[in-house]
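Take a look at the structure set out below.
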Amino acid sequence: MRAVTRCLAILGVLALGGAHQVAAQHPQTREGFWIGFGFGYGSRHESCDGCGSATDGGVSSFLKLGGTLSKSVLLGGSVNAWTKSQSGLTERLGNVTASLFYYPAPASGFFLTGGLGLSNYHVSDGGSENSSGWGFTLGAGYDVRVGKNVSLTPVTNFAYGGGMSPAGLTGWKQSVIDFGLGVTFH
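According to the working numbering, the residues represented by the sequence shown are 1099 to 1284, in order.
Rendered as structure tokens:
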């Protein structure tokens, strides 16, 4: 995981290093359809009634797409996922949400996001267990324009899920905090 963190840090520095010159060439504009995806590192926490809690790191990813409502507001759907495989056990946590993206200063690439929807927990170790419930996401990011309609997008997200009962466990709660780097096509 250190290698992933180092790669993300290097990519972020390189992206931000050329941002001033590129920003002058490609101003922030938002209109029509947009789509973005990326990868990063996330820390997950899960707990349930009577079973304690666990925290672990793993690979995170995201996919987002939608339409532009105004220069400051985008509406769409998002998928946030986290996974880790170790010693024959694979865990996957995910959220699928209807999401709003808000740019407080339209000329800037900075945005806040939030969404409501479904959350899922999946574990496999020969057999598999799957459970779904409600979920939400909160996050922030910055579109660094590298082309007329393309941005490198560093992000941080918080995804939460509840209302699930994998393997009959009660009071299940899961959350992921992640940091990633993506590409957005505007």
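Using N, Cα and C, we set each Cβ at its ideal position, and we do this for glycine too. Note that the structure is a prediction, hence the values are computed from the model and not measured.
**Request:** Report the residue ranges of all beta strand (DSSP E) runs contained in full by the stretch 1165–1222; include only those spanning at least 3 residues, in chain order.
**Result:** 1171–1184, 1187–1200 and 1208–1222
**Request:** Kindly list the residues whose CB is nearer than 6 Å to the CB of Leu-1167, restricted to its own chain and excluding five residues on each side of it in sequence; keep chain order.
**Result:** Leu-1173
**Request:** Following the continuous beta strand (DSSP E) through Lys-1246, name the residue where it begins and the one where it ends.
**Result:** Unbroken run through Lys-1246: none, as it is neither H nor E.
**Prompt:** In angstroms, rounded to a whole number, what distance separates the CA positions of Ser-1263 and Gly-1269?
**Reply:** 7 Å
**Request:** Using a threshold of 8 Å, state whether the C-beta atoms of Ser-1158 and Trp-1180 are closer than that.
**Result:** yes
**Span separating the alpha-carbon of Asn-1247 from that of Tyr-1240** = 14 Å
**Message:** Can you find the residues in the same chain that come closer than 7 Å, C-beta to C-beta, to Gly-1237, ignoring five residues on each side of it along the sequence?
**Reply:** Thr-1211, Val-1253, Thr-1254, Asn-1255 and Phe-1256
**Request:** Output yes or no for whether 8 Å exceeds the beta carbon distance between Gly-1207 and Ser-1217.
**Result:** no
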